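**Student:** Positions 33 to 100 (this note's numbering) are the ones given, in order, by the sequence shown.
Using N, Cα and C, we set each Cβ at its ideal position, and we do this for glycine too.
Predicted, not measured: the structure shown is a model, and the values here were computed from it.
Provided herewith is a single structure, encoded as structure tokens, for subsequent inquiry.
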Amino acid sequence: MYQRKRTVIITGGLFLLTLFVMTVSVGVGESGIAPQKVFDILTAGIFGTTPYWSAGEETIVLGIRLPR
Numbered sequence: 033m034y035q036r037k038r039t040v041i042i043t044g045g046l047f048l049l050t051l052f053v054m055t056v057s058v059g060v061g062e063s064g065i066a067p068q069k070v071f072d073i074l075t076a077g078i079f080g081t082t083p084y085w086s087a088g089e090e091t092i093v094l095g096i097r098l099p100r
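The structure is reproduced here in structure tokens:
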């Protein structure tokens, strides 16, 4: 029982770490975009976030950096 709980916690932690690293890495570059803004751009369709970012930032995240 203890081993299973430990495995679930470690797996969950690694999943969250992967999401964090992905969000930060998409924002790093010539036109640095804050991680919170990257997260909001990526989840705008799911959560219905009102866009406060420019169309250029959205294009950079969704059209250039994310596919890489």
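Please go through the same chain and pick out, in chain order, the residues whose beta-carbon is closer than 7 Å to the beta-carbon of P83, but skip the five residues on each side of it.
**Tutor:** Looking up residue 83 in the sequence shown gives position 51. Excluding positions up to five away in sequence, the list reads A76.
**Student:** Please state whether the Cβ-Cβ distance between V93 and G64 is less than 9 Å.
**Tutor:** Working through the sequence shown from its first residue, we reach residue 93 at position 61. Working through the sequence shown from its first residue, we reach residue 64 at position 32. Taking 9 Å as the Cβ cut-off, V93 and G64 do not qualify as a contacting pair.
**Student:** DSSP on M54, reduced to helix/strand/coil?
**Tutor:** Translated into the one-based positions of the sequence shown, residue 54 becomes position 22. The answer is helix: DSSP assigns M54 an H, G or I state.
**Student:** In this structure, does DSSP put Y34 in helix, strand or coil?
**Tutor:** In the sequence shown, counting from the first residue as 1, residue 34 sits at position 2. Looking at Y34 - three-state DSSP - the assignment turns out to be helix.
**Student:** Could you compute how far the alpha carbon of T91 sits from the alpha carbon of G61?
**Tutor:** The residue given as residue 91 occupies position 59 in the sequence shown. The residue given as residue 61 occupies position 29 in the sequence shown. Cα to Cα, the separation comes out at about 14 Å.
**Student:** What residue from G88, D72 and A87 has the CA that sits closest to T81's CA?
**Tutor:** Position 49 of the sequence shown, counting from 1, holds the residue named residue 81. Of G88, D72 and A87, the residue nearest in Cα terms is D72.
**Student:** Classify T81 as helix, strand or coil using the three-state DSSP reduction.
**Tutor:** As a position in the sequence shown, residue 81 is number 49, starting the count at 1. Coil, per DSSP.
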